[in-house]
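Novice: Okay, handing you the structure first.
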Amino acid sequence: MIFKFIPVERRRFFMRVNLSLVCLVAMGGLQAYSKTFAQISIQRQNITLPQLFQEIRKQSGYDFFYNESLLSDKDPVNIQMQNASIEKILDYSLNGKSLTYDIKNRIVVIKQLENKQRNIVGRVITEDRSPLSGASIKVKGQPRVFFTDENGHFSIPASDKVTELVISYIGYKDCIVRPGDEFMEIKMAKLDNQLAEVSVISTGYQKIKKEQLTGAASTLSEKDYQQRVAVTGNFLENLEGKVPGLVYNSISGEISIRGVSTFDAVKKPLIVLDGFPTEIDINSINPNDIISVSVLRDAAAASIYGVQASNGVIVIETRRGKSGKPTFTFRNTFAFDSKPDFDYMRYLDTKEFVDLQRDMVSTGGDERYFYSDYNPIDPVTSILFDLKDGLIDNKLAEEKIGAIASYNNLAEYKRLFYRRRLVNNINFDISGGTEKSTYLIGVNHIGERAQKVGTDNKKTILNVANTYKFNKNISFDFKGIYSNNRVKNGTTPDYSDLLPFERIVDENGNALPATFGEFREKFYVINKDYNERAKSLGLYDQLYYPFGELSATTQKTSLNSFRAQGRLNAKITEWLNIDLGGAIENEQGVNDLLKTEDSYRVRYLVNTKAKKDPAKGTPLFTDLPQGNFLTKETLKNTAYTLRAQANLNYETKDKKHSISGIIGIEQRQVKAESFKTTFFGYDDQSLINKPVNLQVLNSRIKPAFKEVGDYGSRFNSNDYFGEKYSDRRFRSFYGQGTYMFKHKYIATGSIRIDQSNLFGVDDKYKNKPLWSLGMNWRMGEEEFIKSVSWINSLQIRAASGFNGNVPSSFNGPFLILTSGLNNRFNTSEVFYDVLSPENQSIRWETTTNYNLGLDYGLLKNRISGSVDLYYKRTKDVFGTMSADPTLGFNQYSANTASIENKGLEILLTSVNIDKGIFKWRTSATASFNKNKVIEVQTKDKTSSLDIVSGTDLQKGYPMNALFSYRYAGLNNLGHPGVYDRNGNVLVLNTYDDAVIDVDFDDLVYSGTTNPKYVIGLNNQFSVGSFDLSFLFMYYGGHVMRVQQPNPDELQSGNAIKGSSNYWKKPGDELVTAIPGLPEYGTPENFMYSARDGYTYGDRYVRKADYIRLRDIILTYNLKNDFLQKVGLFNTQFRFQVQNPFKYTFSGNDIDPESIDRRTGIRTLPQTSFYSLTFSTTF
588 MIFKFIPVER RRFFMRVNLS LVCLVAMGGL QAYSKTFAQI SIQRQNITLP QLFQEIRKQS
648 GYDFFYNESL LSDKDPVNIQ MQNASIEKIL DYSLNGKSLT YDIKNRIVVI KQLENKQRNI
708 VGRVITEDRS PLSGASIKVK GQPRVFFTDE NGHFSIPASD KVTELVISYI GYKDCIVRPG
768 DEFMEIKMAK LDNQLAEVSV ISTGYQKIKK EQLTGAASTL SEKDYQQRVA VTGNFLENLE
828 GKVPGLVYNS ISGEISIRGV STFDAVKKPL IVLDGFPTEI DINSINPNDI ISVSVLRDAA
888 AASIYGVQAS NGVIVIETRR GKSGKPTFTF RNTFAFDSKP DFDYMRYLDT KEFVDLQRDM
948 VSTGGDERYF YSDYNPIDPV TSILFDLKDG LIDNKLAEEK IGAIASYNNL AEYKRLFYRR
1008 RLVNNINFDI SGGTEKSTYL IGVNHIGERA QKVGTDNKKT ILNVANTYKF NKNISFDFKG
1068 IYSNNRVKNG TTPDYSDLLP FERIVDENGN ALPATFGEFR EKFYVINKDY NERAKSLGLY
1128 DQLYYPFGEL SATTQKTSLN SFRAQGRLNA KITEWLNIDL GGAIENEQGV NDLLKTEDSY
1188 RVRYLVNTKA KKDPAKGTPL FTDLPQGNFL TKETLKNTAY TLRAQANLNY ETKDKKHSIS
1248 GIIGIEQRQV KAESFKTTFF GYDDQSLINK PVNLQVLNSR IKPAFKEVGD YGSRFNSNDY
1308 FGEKYSDRRF RSFYGQGTYM FKHKYIATGS IRIDQSNLFG VDDKYKNKPL WSLGMNWRMG
1368 EEEFIKSVSW INSLQIRAAS GFNGNVPSSF NGPFLILTSG LNNRFNTSEV FYDVLSPENQ
1428 SIRWETTTNY NLGLDYGLLK NRISGSVDLY YKRTKDVFGT MSADPTLGFN QYSANTASIE
1488 NKGLEILLTS VNIDKGIFKW RTSATASFNK NKVIEVQTKD KTSSLDIVSG TDLQKGYPMN
1548 ALFSYRYAGL NNLGHPGVYD RNGNVLVLNT YDDAVIDVDF DDLVYSGTTN PKYVIGLNNQ
1608 FSVGSFDLSF LFMYYGGHVM RVQQPNPDEL QSGNAIKGSS NYWKKPGDEL VTAIPGLPEY
1668 GTPENFMYSA RDGYTYGDRY VRKADYIRLR DIILTYNLKN DFLQKVGLFN TQFRFQVQNP
1728 FKYTFSGNDI DPESIDRRTG IRTLPQTSFY SLTFSTTF
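Residue numbers (this note's numbering): 588 to 1765.
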C-alpha cells in the first residue's frame, strides 16, 4: 500500500486590530471564530480531490492523509464557497463518493465509507442567493417533513424510497427535485400569481406560526413595510393604512390601536424592539433596518405583556447579518416640499382689518381708558382717536389710514420666516459572516432643513448586530443602537401676533419694532415715547422686534440614545431550550435655550428689575445682571429589562399532538430625571455668568422706573428652574402555552402577574393575575373543506383576556408634593402643593377583551384576509376627583370610570391581474370603532362652558365627545341666544352674580372628534421593471368645530375673513348670525359670555370625514443582468409623493387634519412632500 503525506510549511503572522468599540462588538464573534476554525474560500470548476486538498492546505494549514487509490476513480467537483469551514467543504465535496473523513490534531484522514447511511445535503436559497431559513422539505410519499436551518442548509437520510423532494416556503413557488449524490443548491422563485403571506408572527417573547394564532395580530413583511420610504426617519408613518385597528395621526404622530380606553394613563401602544420593550425615543429606530412589524391587538396576542398591553403592542424586528462574503447596501433619499398654504388660514387682509378697527373705536367706547398712558396704541386706532378728539379732520385721517391700509405684510412674513423644507437621508450598512458567526454594521444620517427659518435637524444612528454559535446547542445574539439627534430651533412669531399693516424690516433688512409685544401683548408693553425715555435713562430698548428674535433667541437640543441587548439561548433537548437575556437603555439630552442681551425677554426683565440710583436717577443692574440668559435643561432616562425564559416545543411521534409554550420571569425599571437651571449675565465666550438676586427676580413688585411700565414683571420660576424625578419598577411572572391536535384544533392560554411600585400594598391589587384564553379551529384542514377547490385556507379564532394599564405620571400610593416660590410679594418663601395625595387603594386600569376572528384564503390564495369582531371594557380608569380643600388639596387622581370599545376590523388582499409582465395587487384595511363611557365619577358640577369647551368624560357618550349650544341666532339687539330643552331662548351670562346658564340636558351632542371609521386602500401595479403604488386613506364618522368669524377676536389676532359681516343694526339678524359689538352703556351691550353661545354653537360643527391620497410611489428596478457585471444588484430608483391630494366631505375649505377639532382654530396644512431615492447592493 502506498501512502502520500503532504507536509506543511510553518508560518506565523500577527494582526493588529484598532477598531472602535462598536465595531469590535459587531465583529467580535467573527474574529473569535476565525481564530478557532479555518475559514476557506474556494471557487473552482472541475477541480480534482487532490487539487482541492492542496488548496485547503494552503489556506488552512491542515495536513491530509489518504490512500491515493481511494481517489483515482472519483470525479472532479464544482465548488463555490466563501468563508466556509473545512467540515462544510469536505461534506460537500465527498458527498456521494463513498468517502468520509476524520480530523484530529489538524490532520485530515480520508477513508472509505463503510456501510454508513448516506445523507442528502443541500441548501435552499432565493433568486438573489439569500438563504431561506425554515423552508420545509418533504419526501414524496412519506409523512416526515424536514426544515432548513438559518443558513438554508438541510440534511436528509438517503434511501431507495427517496425519489423526489418537495421544497416549500411561504411566498415562493413549490420546487420538486430529484436527489442526487452531489450537494444540491435549490433556488426558489417568488410567487407571481399568489399572495405571499407571513408565516410567523413575533410577539417579542416567542414566534408563533400564523396557523396557531388564536388572538388578533397582524404582521407586515419587510417588502410591505419598506414599500414607502420613511424620509424623515419616523417608522410609524409606514404603518398607516396597512394594519386594521391601527389609527395614526400624521400631524401629531400619535397612534392608537382599537380606540382609546384611558383618560389619564398611558395612551400609546407598547413598543417592543427585537424582543424587549423600549423606552428610548422612537426616532432612534432606523426604519431601513426593519424587516417585520407585528401589531398585537387583543388580549390573547398581547396579554403576555400584562399591565403594559392595554393599548396594544407593536413588535419590531430588525435585520441581522447573513452568512457569506461582506455585502454592502446603500440608500440615499433627497426630499423637498411645496410651499405652505397661508391662504388656508383665512387671515384678514389689511382693508378688512382696518374697517373692523373703525367699528371697534366707534362702538366700543374709548378703549384708551383700559390702558395706562405708557401702553401702545396701534397707528390706525390712534388716528381714529385723534379724529374722535377733533385733533385732525376727516380728510387727513382718511389719507393717513389709506396709506397704512395700502400695505399687507403677509408676503414679507413668508419671505422672512418660511422656506422650502429639504431633507437628505443617507443609509449604509455592511453585513456578512459564516455559519458560526454573522455581523451587521449600519449607519443612517438625516439632515433636515425645516420650513421655519432657523430650524434645522441632524440625526445619526449607528446600529450593530452580531450572532454567534458556540456549538450546535448554544448561541448568542447581540444588538446595539447609538443615536445622536441635534435640533436647532429659531424663534418664529405667529402671523396672527402681528398687525397686517406693519412692516417687519426696513429697506436695508434691519428689524423693525412691532406695535405690541410678543403674542400681541399690550398691558406689559410700553409705547415708543416711553421707550425713548427709558433709553435716555440708560435702560434697554424695550420694544419687540419680531425679525430680530430669530438671531436673538435660539434653542439647541442634543439627544444621545444608547441601547444594547443580548440573548443567550441554550438548547437542552430537542423540545426544550432556555433564553437568558436583557436590554439596557440610556438616553441623555441637553436643551440649551440662549436668550441674548438683544432678545425681547431679556431686555424686558433686566429693565423691570433694575434699581434706581438715588443720587443720579440712573439704573443699577445689581439684582439681575446685564448679559445673556442661558437656560440649560438636562435629562437622563435609563431603563433595563432582565428576563429568564424556558421555551417548550414538543410534538408526539404520530404528529397528532403538539405542545408549545413559555414560562419566565422578568424585571424592568424605568427611571427619568431632569434638571433645569439658568445662568444670568452669561457670556458665551468666557463662559462666565454673574450672580442674581433670586428673591427680587421671583417677586412681582413694581419696577423702579415708571418708564418701563407699572406692572410687576412676569417671571415664572418654572421656566428657568426645576427638577423632576420618577422611578417605575416592575417584576413579572408569566407563562404561555399552546396545544394543537391533528394540526386542526388549537387552544392557547397565558397568565401574568405584575408587581409594581406604582400601586398600593393591598394584595388584591398588587398580585392580580392577567390572563388570556383562546381557540382556533383550522376548518381548512377538514376533509369537507378540502373538497371545495376554491377554498385554500379557512380558520376561526376566538379569544378572551384580561390586561391592564399604568398611570402616566405623578400617581401612586405615596404622597407626592410639588414645590414653588411665593412671588406675589418680595419674600420668595417656599410653598408646597399636594400633587397627588397618599392613596393605598389606587390600582391599575384593567381591560377585559373578547375577540372573534376569521382568516381565509380563496381561489389559490388570490384573495385572502381576515375579519375580527372585538369588545373591550376598561375598568378603574384614572381620572381626577374633587376633594375637600381643608385637606390641603382640592383634587386628586383616582380610579373613576369605565370605558368600552367595540368594533370590526377587516383585512383584504387580492391579486387582481397577473398576466406576464403586468400585475395588479390590492390591499385594503378597514377599522370601525365605537367608544362609550359606561361609568364615571366626576368632579364638582361645572358650567356649561366647561362642558362645551373641555374634555371631561360624560356617562353614556364617547371619549372626546363634542357638545354644543343649540344656537338660536341673534335678537333685534344683536345679542346671541341659545335654546334650552324647552325651546326658550336665553342670552348667557356667567360672569355676573345674576348667572344665566343652561344645564347639561340643554346641550346638543354633536358627535366625537375621534374618527370612528378608518379605511386604507393600497393598490400596487407592476409593469416589467416599473412598480407603481398609491395609498388612499379615509377617516370618517367624526366631527369638528369650525372657527367662526368674530369681530371681537380682532385684538387677540384670531379674527378671520368674514368677521366684518357682523350685526350692526336691527334687521341684520335676518341676514347674519355673527353677534354685534357690545356697546358699553347702551341697550346693545351684552356680557361677553353670551358670545360663547355663538362660538360653541351647533351651527358651526361640521362633518370631519375626508379622503387623503397619502402617497404615490413609482419605482424603477434596474435589470440585474447588466448590473451584476459591475458587482451591483437590487438597484432601483424610487420617486415618492406624499399628501398630494385630499377631499373633505364638508368642503375643501377645511382640512380636518390641520384644525383643532374642539375649538376650530386652524394650523398650516400639510404640504406635499416629494422625494427621490436611489438604492443598491454590492
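We put the CB at the ideal spot given by N, CA and C, even for glycine.
Tell me whether the beta-carbon of residue 1189 lies closer than 8 Å to the beta-carbon of residue 1173.
Specialist: Here residue 1189 corresponds to residue number 602 of the sequence shown, with the count starting at 1. Here residue 1173 corresponds to residue number 586 of the sequence shown, with the count starting at 1. Here residue 1189 is not near residue 1173, since their CB atoms are 8 Å or more apart.
Novice: Give me the DSSP bridge partner(s) of residue 904.
Specialist: Counting from one through the sequence shown, the residue named residue 904 turns up at place 317. According to DSSP, residue 904 bridges with 879.
Novice: I need the DSSP call for residue 1773, collapsed to helix, strand or coil.
Specialist: Within the shown structure, residues of the chain are numbered from 588 to 1765, placing residue 1773 beyond reach of any answer.
Novice: Among the residues of its own chain, which have a CB less than 6 Å from the CB of residue 1358, if the five just before and after it don't count?
Specialist: Counted from its first residue, the sequence shown places residue 1358 at position 771. Cβ neighbours of residue 1358 beyond the five flanking positions: 1338 and 1389.
Novice: May I ask you to report which of helix, strand or coil DSSP gives residue 1015?
Specialist: Position 428 of the sequence shown holds residue 1015. Residue 1015: strand per DSSP, three-state reduction.
Novice: Quick check: residue 889 and residue 1438, are their CB atoms within less than 8 Å of each other?
Specialist: On the sequence shown, residue 889 is found 302 positions in, with the first residue counted as 1. On the sequence shown, residue 1438 is found 851 positions in, with the first residue counted as 1. Result no, Cβ atoms of residue 889 and residue 1438 do not sit closer than 8 Å.
Novice: Opposite residue 1563 in the DSSP bridges: which residues?
Specialist: For the purposes of this step, residue 1563 is identified with residue 976 of the sequence shown, where counting begins at 1. For residue 1563, which the question treats as bridged, DSSP gives the partners 1557.
Novice: Please go through the stretch 1706-1743 and give each complete beta strand (DSSP E) segment of 3 or more residues, from N-terminal end onward.
Specialist: 1716-1731
Novice: Judging by CA-CA distance, which residue of 1718, 755 and 1744 is the nearest neighbour of residue 1765?
Specialist: As a position in the sequence shown, residue 1765 is number 1178, starting the count at 1. For the residues 1718, 755 and 1744, the minimum Cα distance to residue 1765 belongs to 1718.
Novice: If the criterion is Cβ atoms closer than 8 Å, does the pair residue 1011 and residue 1034 meet it?
Specialist: What you label residue 1011 is simply residue 424 of the sequence shown in a count that begins at 1. What you label residue 1034 is simply residue 447 of the sequence shown in a count that begins at 1. Closer than 8 Å, so yes.
Novice: I'd like to confirm the pairing. Which residues does DSSP put opposite residue 1523 in its beta bridges?
Specialist: Here the question's residue 1523 lines up with position 936 in the sequence shown. Paired residues: 1484.
Novice: Quick check on residue 814: buried or exposed, where buried means 16 or more other Cβ atoms within 10 Å of its Cβ?
Specialist: Locating residue 814 in the sequence shown gives position 227, counting from the first residue. The residue is buried, with at least 16 neighbouring Cβ atoms inside 10 Å.
Novice: I want to know whether the stretch 1225-1234 touches the stretch 1245-1264 - three or more CB-CB distances under 8 Å.
Specialist: Because the criterion of three Cβ pairs below 8 Å is met, the stretch 1225-1234 and the stretch 1245-1264 touch.
Novice: Say whether the stretch 913-922 touches the stretch 999-1015, bearing in mind that this needs 3 or more beta-carbon pairs closer than 8 Å, one atom from each stretch.
Specialist: yes
Novice: What is the C-beta distance between residue 1219 and residue 1264, in whole angstroms, given that I count them as a contact (C-beta under 8 Å)?
Specialist: By 1-based counting over the sequence shown, the position of residue 1219 is 632. By 1-based counting over the sequence shown, the position of residue 1264 is 677. At roughly 6 Å, the Cβ-Cβ gap stays under 8 Å, so residue 1219 and residue 1264 are in contact.
Novice: Quick check: what's the CA-CA separation for residue 1441 versus residue 1153?
Specialist: Translated into the one-based positions of the sequence shown, residue 1441 becomes position 854. Translated into the one-based positions of the sequence shown, residue 1153 becomes position 566. So the alpha carbons of these two residues sit roughly 37 Å apart.
Novice: Using only the alpha-carbon positions, how far apart do residue 1345 and residue 1477 sit?
Specialist: Mapped onto the sequence shown, residue 1345 falls at position 758. Mapped onto the sequence shown, residue 1477 falls at position 890. So the alpha carbons of these two residues sit roughly 22 Å apart.
Novice: Less than 8 Å between CB atoms is the rule here; does residue 1220 satisfy it with respect to chain D?
Specialist: Looking at the structure shown, chain D is missing, and only one protein chain is on hand.
Novice: For residue 1377, is the classification buried or exposed, using 16 other Cβ atoms within 10 angstroms of its Cβ as the cut-off for buried?
Specialist: Residue numbering aside, residue 1377 sits at position 790 when the sequence shown is read from its first letter. Burial call: exposed.
Novice: Given a threshold of 16 other Cβ atoms within 10 Å of its Cβ, counted over all protein chains shown, does residue 1743 qualify as buried or as exposed?
Specialist: As a working mapping, residue 1743 is identified with position 1156 in the sequence shown. Flag for residue 1743 reads exposed.
Novice: How would you call residue 633, buried or exposed, if buried means at least 16 neighbouring beta carbons within 10 angstroms?
Specialist: Residue numbering aside, residue 633 sits at position 46 when the sequence shown is read from its first letter. Answer is exposed; the Cβ neighbour count stays below 16.
Novice: Which one of 849, 855, 831 and 830 has the shortest CA to CA distance from residue 842?
Specialist: Here residue 842 refers to the residue found at position 255 of the sequence shown. Minimum Cα distance to residue 842 is reached at 855.
Novice: Could you spell out the range, first to last residue, of the alpha helix (DSSP H) harbouring residue 812?
Specialist: As a first step, residue 812 is located in the sequence shown; it is residue number 225 there, counting from the start. Unbroken alpha helix (DSSP H) run through residue 812: 809-812.
Novice: My assumption, with CB atoms under 8 Å, is that residue 1085 sits in contact with residue 1646. Please give the rounded CB distance.
Specialist: For the purposes of this step, residue 1085 is taken as the residue at position 498 of the sequence shown. For the purposes of this step, residue 1646 is taken as the residue at position 1059 of the sequence shown. Their Cβ separation, rounded to whole angstroms, is 17 Å, which puts residue 1085 and residue 1646 out of contact at 8 Å.
Novice: Flag this pair as touching only if the stretch 873-893 and the stretch 1325-1341 have three or more C-beta atom pairs under 8 Å; answer yes or no.
Specialist: yes
Novice: Considering Cα atoms alone, identify which of 862, 1106 and 870 is closest to residue 880.
Specialist: As a working note, residue 880 is residue 293 in the sequence shown. Nearest C-alpha to residue 880: 862.
Novice: In whole angstroms, what separates the C-alpha of residue 1327 from that of residue 714?
Specialist: The count along the sequence shown starts at 1 and reaches residue 1327 at position 740. The count along the sequence shown starts at 1 and reaches residue 714 at position 127. Using only the alpha carbons, I get a separation of about 35 Å.
Novice: Below 8 Å, can you find three or more Cβ-Cβ pairs linking the stretch 809-826 to the stretch 1369-1385?
Specialist: no
Novice: Under the rule that 16 or more other beta-carbon atoms within 10 Å means buried, what is residue 589, buried or exposed?
Specialist: The residue given as residue 589 occupies position 2 in the sequence shown. Note that residue 589 scores 36 on pLDDT, short of 50, meaning its location in the model is unreliable and no value can be drawn from it.
Novice: Near residue 1367, what residues of its chain come up, given a Cβ to Cβ distance below 8 Å and the 5 sequence neighbours on each side ignored?
Specialist: The sequence position of residue 1367 within the sequence shown is 780, counting from 1. Closer than 8 Å at Cβ, skipping near neighbours: 1373, 1378, 1379, 1380, 1381, 1382 and 1444.
Novice: Which residue wins for smallest C-alpha separation from residue 1618, given the options 1627, 1612, 1145 and 1602?
Specialist: Counting from one through the sequence shown, the residue named residue 1618 turns up at place 1031. Of 1627, 1612, 1145 and 1602, the residue nearest in Cα terms is 1602.
Novice: Touch check for the stretch 1187-1201 and the stretch 1149-1167: three-plus C-beta pairs under 8 Å?
Specialist: no
Novice: Taking the alpha carbon of residue 1212 as the point to measure from, which residue in 1278, 1224, 1700 and 719 has its own alpha carbon closest?
Specialist: As a position in the sequence shown, residue 1212 is number 625, starting the count at 1. Among 1278, 1224, 1700 and 719, the Cα nearest to that of residue 1212 is on 1278.
Novice: Return the first residue and the last residue of the alpha helix (DSSP H) that residue 1674 is part of.
Specialist: By 1-based counting over the sequence shown, the position of residue 1674 is 1087. Where residue 1674 is concerned, there is no enclosing alpha helix (DSSP H), given that its DSSP letter is neither H nor E.
Novice: With a cut-off of 8 Å, do at least 3 Cβ pairs link the stretch 1620-1638 to the stretch 1687-1697?
Specialist: yes
Novice: For residue 1001 and residue 1675, I'd like the C-alpha separation in whole angstroms.
Specialist: Taking the first residue of the sequence shown as 1, we reach residue 1001 at position 414. Taking the first residue of the sequence shown as 1, we reach residue 1675 at position 1088. Per the coordinates, the alpha-carbon of residue 1001 lies some 34 Å from the alpha-carbon of residue 1675.
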